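Colleague: In order, the protein sequence lines correspond to chains A and B.
So that you can map any letter, position 49 of the first sequence is 49 in my numbering, and since no number is skipped, the others follow by simple counting.
In short: position in the second sequence from 1, add 1000, done, that's my numbering.
Yeah, the Cβ is synthetic: ideal placement off N, Cα and C, and Gly gets one too.
Only a predicted model underlies this, so the values are computations on that prediction, with no experimental measurement involved.
Quick one: the structure is below, and I'll ask about it shortly.
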Amino acid sequence: MTQSENGNGLVLAEKYYSQYGSRARELKAAGRKVIGYLTALGPVEIMTAAGVVSLRLKGNVSEAITKGDAYMETIVCPFVRNVFDAAVKGRYDFLDGMVLPHQCDSIDRTDDVWSDTLKLPYWHFLNVPHVTDEPSVEFMKDILRIFIQTLEEFTGEKITDEAIARAVTAHNENRRFMRELYALRITDPPLISGAEMMKVLVAAMSLPVDESSALIKGVTDEIKHREMPPSTEQGRRIMLVGDQVDDVAIIEAIEGAGGRLVMDDLSIGSKMYWNDVDATPDPIQGIAERYLRKLKLPTTFVGTGNNYQETLEARFGHMKQYIEEFKVDGVILFVYKFCDPYGFEVPAIRNFIESAGTPVLYLEDEYSISTLARLKTRIEAFLEMIA
Amino acid sequence: MAEGKKPRSLATQAAAKIAKFVRGNMSATLKAKEEGKKVAYAYINDGQDEIMRAMDIVPAWGESFAGVCAAKRDAEKYLQKAEADNFSRSLCTYATCTIGFDMWREELGGQTPPDAPWGGMARPDMIIGSAQQLCDPRFKWPQATQHYLQDVPVFVGNMYYPPWDPNRNHHEQEAIYVKYAKAELLELVRFCEKHTGKKMDWDRLAGLVDLTEKTWNLFIDTYELRKAIPTPMDTGDAMNTMVPITFNLATQDAYDYYKDLNDELILKNEKKQGVIENEKYRLLWGAGLPSWFALGDFQYFNDKGAVFPAEVTYRNAEKIERLDLPATNDPLERIAWRWVRFWTHWYDKARKRPGSSPKVERIIEYIEDYKCDGVVFHSAFSCRSWHAGIIHQAEILRKVYGDIPILIMEGDIVDISSYNEVDTHNRIDAFIETVDAYKRKGN
Ligand code: SF4
Ligand code: SF4
């Protein structure tokens, strides 16, 4: 069906970006079950194999929190609060259930606030460990099996190893397509703007994997055949680092000030797409290893180096590679207030990147455009500084 | 030292001995360095006490250090130090306070910063954390500390427990959790062996597990003496008497301390000697770490005729028989079972009361056992672990238990900038009026 194959990829991305979740809503109306989930730790392969539509949840940075605060403290990270507020207001009223992976305290400590308030037919807290050693991989496999069992009970269908293996292939392919699209950002100027890319990333996480892949392929084809890149002006090449930044507002602030967002290390961006699941005889092994060891999230403790420098390389080395490959001039580290996992590593990341010669701007903010004016000034000053 | 604050007058002699205890713990780290013993930065309730003690590793507790700085109203200089290197003010202030101290000591080439409370903590030989299901700082804090103490090896283990889900029987998952916790404890043993150059003495470890279980039992027996009317000890004291069970678990000193406290409370009960002369209202401290710089607020409650015979905070122990632990001789497995069951042992009860939750069941149990007329929560902005979800607990409590007066106070553990004494006292006044009306209604 996909229009994207007919050269309308960006239009379709815009549609799914601005009407977030609309495709899942349609599929629900057509009789499919829809499971919402939070964060990059949602094991999409298993949900795909279960035959449910998985929808990664986002909030709306333009919308003030009006209902959620009656149930959830303001010391919870603003992203989680905003998504919760959206859910309470009925924006996701078509969900059959949700999966909350144990990403951080803001999620772990609010699990029952979510479940008791939303009262969805299916609920699961996936207790992902924060450590990556061998016993943790074994444990991760165990909790993935529990997750599978609960999904089977919910759908009434067995999730076979074959179905999981097929889903692994489909999601790996999806990631490969996205990496191919990212590669179009390497040129100067990049063939796709940061704002366009954000819309594709957001749209992609709202679709079943086959439709997501078709969308990405469609956008890639379209971009490749573009006569003119979005802007021929030279601009400082920026990489954005953070957790779930899922709106164009901050990117427009960067690009509006003459910067070019050419790469990210975001949890809806490269963190998601850079690492595949290995096809292992027991497909759960590969899935456990990817989510625990390959996803470079600050919520997993990595202590594998023989010394501190090696440990830093294991944690942040990929960022240096991105800087080189995407010819990044400056890094913006964007962290939400009350986020301990990201917040505690700001000095380390900053030091690591700056000591390799790339300047870093650290911004702490809300998940809201209300404070954007203040940030814009700092972004402009940063871009001027690195000009 | 910053502006002083008159300390709260303590009801028990045992609580008055705590300053010495805390000071002793801190100076033990400095002394250990002189004696060539290994010092580890450690974090409370991680289930790692017996292993560290069995390996003669002296723990240096960041939470204690930060708490002392806060109680002396002298944490700001450390918080600012951390903030200057981009640690947000919204992060756990126990961690940022301690990291600020570490940063400063490194700048001084390893010398303790001037005016550090009670001589400060020693520079550690290792950092032992746990990404257990208590909070993110438990594994981010060690990692962030290593940024300043780069030569110091870090271990982070894990110890989870089955999540609460009213529709699932958590007992089916316990074995997975215990297996994992035990494996992680073994990883810790290997780490300690590597960095001390000593082998674990497994018999000694088993003896320390016995001692810990005995201490948990005695601690609960002692605290249950507070059920008496009038109560002989309240939460204001418990914020002191928690020190041995929290920071000195698996030591004879901790056991002996509760023996003394037990004797003291029995005596007080015999004499019907309460915390205050005319006990009018009995309150439960339902959740939340206290504002260490404002412990005097407990006195304020006392002055209004209110006492706290029980609290959830720092009561991280239970009578062993209530945990119904499976028999095993493996000390690591015993530690794993004890903690997994501690965190989950209100689940079965909660499942029996539709709409309830384990945290609320625990609150209800204390309200009933300790005959409380109201519940006070404290919401500290820099710690999500204990403080996110309090509104929800209060809501469930109202729904499943009834309309008991509830006060949610807001502040922080260390960061005094969030605190306003006048506002706090006004809120307490209004709450006491509500409790009074509630009691008059015959509840
Ligand atoms: S931004 Fe931080 S606190 Fe919020 S969900 Fe992500 S990791 Fe958790
Ligand atoms: S439990 Fe709270 S106060 Fe304690 S270390 Fe964790 S975040 Fe900090």
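Kindly provide the ranges of any alpha helix (DSSP H) runs that are 4 or more residues long and lie completely inside the region 1243 to 1302 of chain B, ordered along the chain.
Modeller: The qualifying runs are 1252 to 1270.
Colleague: Report whether the distance from the Cβ of A/S389 to the nearest heavy atom of ligand 1 is below 7 Å.
Modeller: Missing from the structure shown is residue 389 of chain A; chain A here goes from 1 to 387 and no further.
Colleague: Around ligand 2, which residues pass a check of Cβ closer than 5 Å to any of its heavy atoms?
Modeller: Cβ atoms closer than 5 Å to ligand 2 belong to B/C1092, B/Y1094, B/C1135, B/P1137, B/C1383 and B/S1385.
Colleague: Can you have a look at B/A1075 and say buried or exposed, based on whether 16 or more other CB atoms are within 10 angstroms of its CB?
Modeller: In the second sequence, residue 1075 of chain B corresponds to position 75, counting from 1. Burial call: buried.
Colleague: Please work out which residues of its chain come closer than 6 Å, Cβ to Cβ, to A/Q3, disregarding the five sequence neighbours upstream and downstream, and give them in chain order.
Modeller: Translated into positions along the first sequence, residue 3 of chain A becomes position 3. Note that A/Q3 scores 44 on pLDDT, short of 50, meaning its location in the model is unreliable; the coordinates nonetheless yield the value given after this. Counting only Cβ-Cβ distances below 6 Å, and skipping sequence neighbours, we find L12.
Colleague: Where does B/L1010 land, buried or exposed, given buried means 16+ other C-beta within 10 angstroms?
Modeller: On the second sequence, position 10 is the one that residue 1010 of chain B refers to. When all chains shown are included, B/L1010 counts as buried.
Colleague: Whole angstroms are fine: how far does the CA of A/D282 sit from the CA of A/I159?
Modeller: In the first sequence, the residue the question calls residue 159 of chain A occupies position 159. In the first sequence, the residue the question calls residue 282 of chain A occupies position 282. Roughly 13 Å separates the two Cα atoms.
Colleague: With distances taken from CA atoms, which of B/V1022, B/T1096 and B/F1087 is nearest B/A1060?
Modeller: Within the second sequence, residue 1060 of chain B is the residue found at index 60, counting from 1. The residue with the shortest Cα to Cα distance from B/A1060 is B/V1022.
Colleague: With a threshold of 7 Å (Cβ to nearest heavy atom), would A/T132 be considered close to ligand 1?
Modeller: Position 132 of the first sequence holds residue 132 of chain A. Answer for A/T132: no, Cβ out of range of ligand 1.
Colleague: Look at the alpha carbon of A/S115 and the alpha carbon of A/M98, and state the distance between them as a whole number of angstroms.
Modeller: To locate residue 115 of chain A, count along the first sequence from 1; it is residue 115. To locate residue 98 of chain A, count along the first sequence from 1; it is residue 98. Answer to the nearest angstrom: the Cα atoms are 8 Å apart.
Colleague: Count the C-beta pairs between the region 1069 to 1089 of chain B and the region 324 to 343 of chain A that are closer than 8 Å, then say yes if the count reaches three, no if not.
Modeller: The region 1069 to 1089 of chain B vs the region 324 to 343 of chain A: in contact.
Colleague: Buried or exposed: A/L10, going by 16 or more other Cβ atoms within 10 Å of its Cβ?
Modeller: Position 10 of the first sequence holds residue 10 of chain A. A/L10 comes out buried.
Colleague: Which runs of the beta strand (DSSP E) at least 3 residues long sit entirely within the region 1203 to 1245 of chain B? Give them in chain order.
Modeller: Complete beta strand (DSSP E) runs here, min 3: none at all.
Colleague: Compute the distance between the beta-carbons of A/L295 and A/L333, then report whether it is under 8 Å.
Modeller: Taking the first sequence and counting its residues from 1, the one referred to as residue 295 of chain A is at position 295. Taking the first sequence and counting its residues from 1, the one referred to as residue 333 of chain A is at position 333. Contact: no.
Colleague: Taking 7 Å as the limit between beta carbons, can you name the residues of its chain near B/N1030, skipping five residues before and five after?
Modeller: Reading the second sequence from its first residue, position 30 is the one you call residue 1030 of chain B. For the record, residue 1030 of chain B in the displayed sequence is Leu; it is not Asn. So the list reads G1119 and A1122, once near-sequence residues are dropped.
Colleague: Alpha carbon to alpha carbon, how far is A/G90 from A/A24? Give it in angstroms, no decimals.
Modeller: As a position in the first sequence, residue 24 of chain A is number 24, starting the count at 1. As a position in the first sequence, residue 90 of chain A is number 90, starting the count at 1. C-alpha separation (whole angstroms): 15 Å.
Colleague: Out of curiosity, what's the CA-to-CA distance linking A/E162 and B/Q1173?
Modeller: Sequence index remark: in the first sequence, residue 162 of chain A carries index 162 (1-based). Sequence index remark: in the second sequence, residue 1173 of chain B carries index 173 (1-based). About 26 Å.
Colleague: So if DSSP puts A/P101 in a beta bridge, which residue, or which two residues, is it bridged to?
Modeller: Locating residue 101 of chain A in the first sequence gives position 101, counting from the first residue. For A/P101, which the question treats as bridged, DSSP gives the partners A/L126.
Colleague: Quick one: Cα of B/P1358 to Cα of B/P1166, how far?
Modeller: Taking the first residue of the second sequence as 1, we reach residue 1358 of chain B at position 358. Taking the first residue of the second sequence as 1, we reach residue 1166 of chain B at position 166. If I take the Cα positions, the gap works out to 9 Å.
Colleague: Which residues in the same chain as A/M1 place their Cβ atom closer than 6 Å to its Cβ, once the five residues preceding and following it in sequence are excluded?
Modeller: Looking up residue 1 of chain A in the first sequence gives position 1. Caution applies to A/M1, whose pLDDT of 42 falls short of 50 and renders its modelled position unreliable; the value that the coordinates give is listed next. Answer for A/M1: no residue qualifies.
Colleague: Which same chain residues end up closer than 6 Å to B/A1238 when comparing Cβ atoms and leaving out the 5 residues on each side of it in sequence?
Modeller: Looking up residue 1238 of chain B in the second sequence gives position 238. Only E1311 meet the Cβ criterion.
Colleague: Give the C-beta separation of B/K1268 and B/P1244 to the nearest angstrom, bearing in mind that I take them to be a contact with Cβ-Cβ under 8 Å.
Modeller: Position 268 of the second sequence holds residue 1268 of chain B. Position 244 of the second sequence holds residue 1244 of chain B. Not really, about 19 Å apart at Cβ, beyond 8 Å.
Colleague: At a Cβ cut of 7 Å, what residues of the region 1347 to 1359 of chain B count as close to chain A, listed as they run along the chain?
Modeller: Listed by position, the residues of the region 1347 to 1359 of chain B near chain A (Cβ gap below 7 Å) are S1357.
Colleague: Name, in chain order, the residues that DSSP records as bridge partners for B/I1128.
Modeller: Here residue 1128 of chain B refers to the residue found at position 128 when the second sequence is read from its first residue. DSSP output for B/I1128 lists B/F1155 as bridge partner(s).
Colleague: Relative to the alpha-carbon of A/D221, which residue among A/A249, A/I192, A/K199 and A/A204 has its alpha-carbon at the smallest distance?
Modeller: Indexing the first sequence from 1 puts residue 221 of chain A at position 221. Residue A/I192 is the option with its Cα nearest to A/D221.
Colleague: Spell out whether any CB of chain B is found under 8 Å from the CB atom of A/F301.
Modeller: Looking up residue 301 of chain A in the first sequence gives position 301. Yes, contact with chain B.
Colleague: Cα-Cα, which of A/P189, A/A253, A/A249 and A/D210 is closest to A/R237?
Modeller: Working through the first sequence from its first residue, we reach residue 237 of chain A at position 237. Closest option to A/R237, Cα to Cα, is A/P189.
Colleague: Please state if the CB of A/N351 and the CB of A/D276 are separated by a distance shorter than 8 Å.
Modeller: Taking the first sequence and counting its residues from 1, one reaches residue 276 of chain A at position 276. Taking the first sequence and counting its residues from 1, one reaches residue 351 of chain A at position 351. No, they are not a contact pair.
Colleague: Which residues mark the beginning and the end of the beta strand (DSSP E) in which B/W1061 is found?
Modeller: By 1-based counting over the second sequence, the position of residue 1061 of chain B is 61. Segment V1058 to W1061, the beta strand (DSSP E) holding B/W1061.
Colleague: Closer than 8 Å, Cβ to any Cβ of chain A: which residues of the region 1146 to 1163 of chain B, in chain order?
Modeller: Residues passing the 8 Å Cβ filter: Q1146, H1147, Q1150, D1151, V1154, F1155, V1156, G1157, N1158, Y1160, P1162 and P1163.
Colleague: With 9 Å as the limit, tell me which residues of the region 1056 to 1081 of chain B have their beta carbon closer than that to any beta carbon of chain A; keep them in chain order.
Modeller: Cβ contacts with chain A come from no residue of the region 1056 to 1081 of chain B.
Colleague: Do the region 126 to 137 of chain A and the region 295 to 304 of chain A meet, that is, are 3 or more Cβ pairs less than 8 Å apart?
Modeller: With the cut-off at 8 Å, the region 126 to 137 of chain A and the region 295 to 304 of chain A touch.
Colleague: In chain order, what residues of the same chain lie with their CB nearer than 7 Å to the CB of A/G317, ignoring the 5 residues before and after it?
Modeller: What you label residue 317 of chain A is simply residue 317 of the first sequence in a count that begins at 1. Correct list: empty, nothing qualifies.
Colleague: Report, in whole angstroms, the separation of the C-beta atoms of B/S1356 and B/L1134, which I expect to be a contact under 8 Å.
Modeller: What you label residue 1356 of chain B is simply residue 356 of the second sequence in a count that begins at 1. What you label residue 1134 of chain B is simply residue 134 of the second sequence in a count that begins at 1. At roughly 22 Å, the Cβ-Cβ gap does not stay under 8 Å, so B/S1356 and B/L1134 are not in contact.
Colleague: By the three-class DSSP mapping on this structure, what secondary structure does A/S355 have?
Modeller: For this step, residue 355 of chain A is matched to residue 355 along the first sequence. It is helical.
Colleague: Assuming A/P135 and B/Y1180 are in contact, meaning their beta carbons sit under 8 Å apart, how far apart are those beta carbons, in whole angstroms?
Modeller: For the purposes of this step, residue 135 of chain A is identified with residue 135 of the first sequence, where counting begins at 1. For the purposes of this step, residue 1180 of chain B is identified with residue 180 of the second sequence, where counting begins at 1. 6 Å between Cβ atoms; contact.
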